[in-house]
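Report on the structure given below.
Residue numbers (my numbering), protein chains in the order written: chain A, 1 to 460; chain B, 1001 to 1515.
Now the structure itself:
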């Protein structure tokens, strides 16, 4: 019998690990449901952490920017922040205590503004006015803490803005010595000097006195942008490298700046110099003129008297009067004592003027009004336009028709400490005790009546 | 002097800046940096899913900054929509005629935009000239006031590459229009490239990266590196090069040769610098872009040079022009013709100017000659004693490649500075005065051009440092990130100080921005 082939059995699953079971399926990871609030908070924390990290790293780069800005501000070759290079050099020299040469070439207004900006300690006394105040110096004032902010040809705007600059830098002085020129009360364009900073005056009127003007705030953002401008920084680096350690300094265009410290005796200089206290010391030749020379200068000034800011000055301008009063009030509000000074004119010139009062009616109204004002407001007033009102004043106390020498000033101004003492003690001289001449004295006739005013200039 | 600024003033300035009539947001301007910082800040403040959409908005804001570009926004939108819709149909359709038809539509649309805005005037002038010779009036007239949209060549090429890639099934079709629009208009690459490919950028958009400090720091240094190259080296070199190319007929041979060689460096520093800025910016935003340069001046052959220079563009032309033409897998004449065609098209891409065309042609011809003479040149190597030392051989080969590149660049520089290239070539032969005399001529003019003081030293050292740091395509940012804190920050400060002290500010335009 044929053997039947056995059928192969189905393979048996052998499990070596004991219990037979299907291989475990990979378990799906159970997704834990996140609390959305926690999720948001985590995201927030993560973002804040990285923001702080990035911010701190960015801060490490800040010194580069700070250096750039500080360097540009310090060197400032275009004078955007520190003023032009030449006036800046003058002020730097003055602040270092030097007298500076080449006064005629100075932009005095910029020098004054820069001084207000840069002076580290507020001077106790400042003087404002035209060139007629520039002879006031530390000796005459009686204190070392004095700076003369007078500028040649100053008009009312220069006077007020010089003080305003000091105040705006938080350097309001204790005493303001104002040599008031008659054109301060004249409202015509003729009374203004082209060199004055009209914008600054408009700013002063608008911001301080509340007088509406066409003043617009300057674009400070443009300035700020220049400070952060790398190209400006590079220009400053070039300028700094070029001028570092050089005896002569150049301006932005490479021209030499000709303002240097006075060498030798300041009283023996061939040119006019600006003293470190802001006063002006004329050159030797001008200071040592003979009486005839001075007289001829005064005579020449007779014909041109009105042309000095007083063409057509017939009456006090009420706007200017109000501005003057408001300014005095403003100075008082800043804690500043105002001392007014009337610098005399040369006797020859004044005599000439009183002989033609109709041509100078505005001029002759100024002093009486001022005296009344000072009397009413207890404002110290010294000097007089009329030289005969100042005892002992001589023709030799003048440089020319307009400018009184320090010897002349000493004859009517006792010095600031004395003025302050008198003010405190209530012993100020009464402004109304002096009556300046406004017309020529009438020579008495045989019948005892006055003759007509002389129409000719008095004899020298 | 105290400067106090009111918020109103700041706001007025800001609005003036934003609405200021500049044509484009210059990459070297503080405004661009501010815009970028704000964009990066907002990007990382948003949830990851929303980031590409925000970047799309930022890109369109960037595009619309210039008033002229605002009017040309439909061009960007049109190119985006056209290629997206065509890509959608090409990708979804299984019928070849439909696919081909929509590919042709996409290509024709994009090329049409490109031709109209970049080459219409050239074309119209050429047609006008032809008709004029025949004594007839031309049927088309040039449009002198035609403005080219910002980044036209870059976004059109990016959009085209997507449509072609979808057709070739190299790229999945994108269903999300906004993602695609962001790819086309991505603002760091908008002005100067690199020309991105969608398959490369897509995964990065679909899953935005988490914030990484290391990544952002690397990106920031890359930007700083780019700014240093552009503002310190390229812009200062441009002073001398532009002076020489302004009046080539009056310049001596040594100056023309030096200016051409320096132009090669200037172009590299300018273009690679702006690519570094773009790559660094994109990296901060969470995107890795194509590297556009890999130490091109280290190439030992002319063809290798083009594999290292403007990689995204040469890659684009290789993939979408050279290969479709047959590439090298055809007979020799056809192969050589393909080479010349690719370079001609590449030249034309740079601008509607015959000098760019000549530049492309000269590159093509040199490539053809290089291919044809490769075998005999290699055979001759063993007879050249200099070539026995590999280092010397490599050096000589690099020099030859550089000289050849400079030779072609005369056309390029002439187009850029509007000079007569033949006058430059002719001028190169005159005025040589021995080594010392020629050197004096060059250095004298360099000093006269305004590159004086410490600047020449900075330029020489800076160029050497850049070329050494990027040796063999090394990633400088990565290397810097691996250094210790002190060294790293010293380098940051050095780069910042170099820009601050020696950067040329006010020359913000990049050369490749014009293309």
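Just so you know, even glycine gets a beta-carbon here, dropped at the ideal spot from N, CA and C.
Not one beta carbon of chain B lies nearer than 8 Å to the beta carbon of residue 165(A). Of the residues assessed, residue 106(A) falls on the buried side of the cut-off, its CB having 16 or more other CB atoms within 10 angstroms. Among the CB atoms of chain A, none fall inside 8 Å of the CB of residue 1280(B).
Inclusion of residue 370(A) and residue 381(A) in the CB contact set at 8 Å is warranted, their separation being smaller than that value. Between the alpha carbons of residue 1461(B) and residue 1382(B) lies a distance of about 36 Å.
Residue pairing by DSSP puts residue 148(A) in a beta bridge opposite 127(A). Beta-bridge analysis with DSSP links residue 341(A) to 179(A), 382(A).
Secondary structure of residue 273(A) (DSSP, three-state): strand.
Taking C-beta atoms as the reference points, residue 1477(B) and residue 1294(B) fail to come closer than 8 Å. About 19 Å separates the beta carbon of residue 1312(B) from that of residue 1367(B), a gap too long to meet the 8 Å contact definition. For residue 1503(B), the neighbours in chain A by C-beta distance under 7 Å run, in chain order, 230. Proximity of chain B to residue 38(A) at the Cβ level (cut-off 7 Å) is not reached, the minimal Cβ distance being about 15 Å. Residue burial annotation: residue 39(A) is exposed, with fewer than 16 other C-beta atoms found within 10 angstroms of its C-beta. Secondary structure of residue 368(A) (DSSP, three-state): helix. For residue 1474(B), no Cβ of chain A is located within less than 8 Å of the residue's own Cβ. For residue 47(A), the C-beta contacts it makes with chain B under 9 Å involve 1044, 1045, 1211, in order along the chain. Taking C-alpha positions only, residue 166(A) is separated from residue 123(A) by approximately 10 Å.
The beta-bridge partner set that DSSP reports for residue 256(A) consists of 250(A). Spanning the alpha carbons of residue 74(A) and residue 240(A) requires a straight line of approximately 10 Å. Rounded to the nearest angstrom, the Cβ distance from residue 81(A) to residue 200(A) is 16 Å, too far for a contact under 8 Å.
Going by DSSP, residue 325(A) is part of the alpha helix (DSSP H) stretching over 318 to 333.
Within the same chain, and ignoring the five residues on either side of residue 1103(B) in sequence, the residues whose Cβ sits closer than 8 Å to its Cβ are 1086, 1090, 1163, 1164, 1167. Residue 1384(B) counts as exposed, since fewer than 16 other beta carbons sit within 10 angstroms of its beta carbon. One alpha carbon belongs to residue 1114(B), the other to residue 1049(B), and they sit about 33 Å apart.
By the Cβ test, the region 1230 to 1245 of chain B is not in contact with the region 1387 to 1395 of chain B, since fewer than three Cβ pairs between them sit closer than 8 Å. Against chain B, the CB of residue 68(A) has a partner CB under 8 Å away; the residue lies at that interface. For the alpha helix (DSSP H) assignment, the uninterrupted runs of no fewer than 4 residues enclosed by the region 394 to 418 of chain A are, from N- to C-terminal side, 406 to 409.
Remark: C-beta atoms of residue 1288(B) and residue 1226(B) do not approach each other more closely than 8 Å.
For chain B, the residues of the region 234 to 246 of chain A that bring a beta carbon within less than 9 Å of one of its beta carbons are 234, 237, 238, 241, in chain order. Neighbours of residue 1496(B) in chain A, taken as residues at a C-beta separation under 8 Å, are given in chain order as 61, 64. When Cβ-Cβ separations below 8 Å define contact, residue 1500(B) makes contact with chain A.
Residues of chain B with a Cβ closer than 8 Å to the Cβ of residue 50(A) are, in chain order, 1044, 1211, 1213. Taking 8 Å as the CB threshold, residue 1359(B) stays off the interface with chain A.
Relative to residue 1456(B), the option among 1339(B), 1234(B), 1348(B), 1205(B) whose CA is nearest is 1234(B). Beyond the five residues adjoining it in sequence on each side, residue 46(A) comes within less than 7 Å, by CB distance, of no other residue in the same chain.
Between residue 365(A) and residue 139(A), the alpha-carbon positions lie close to 32 Å from each other.
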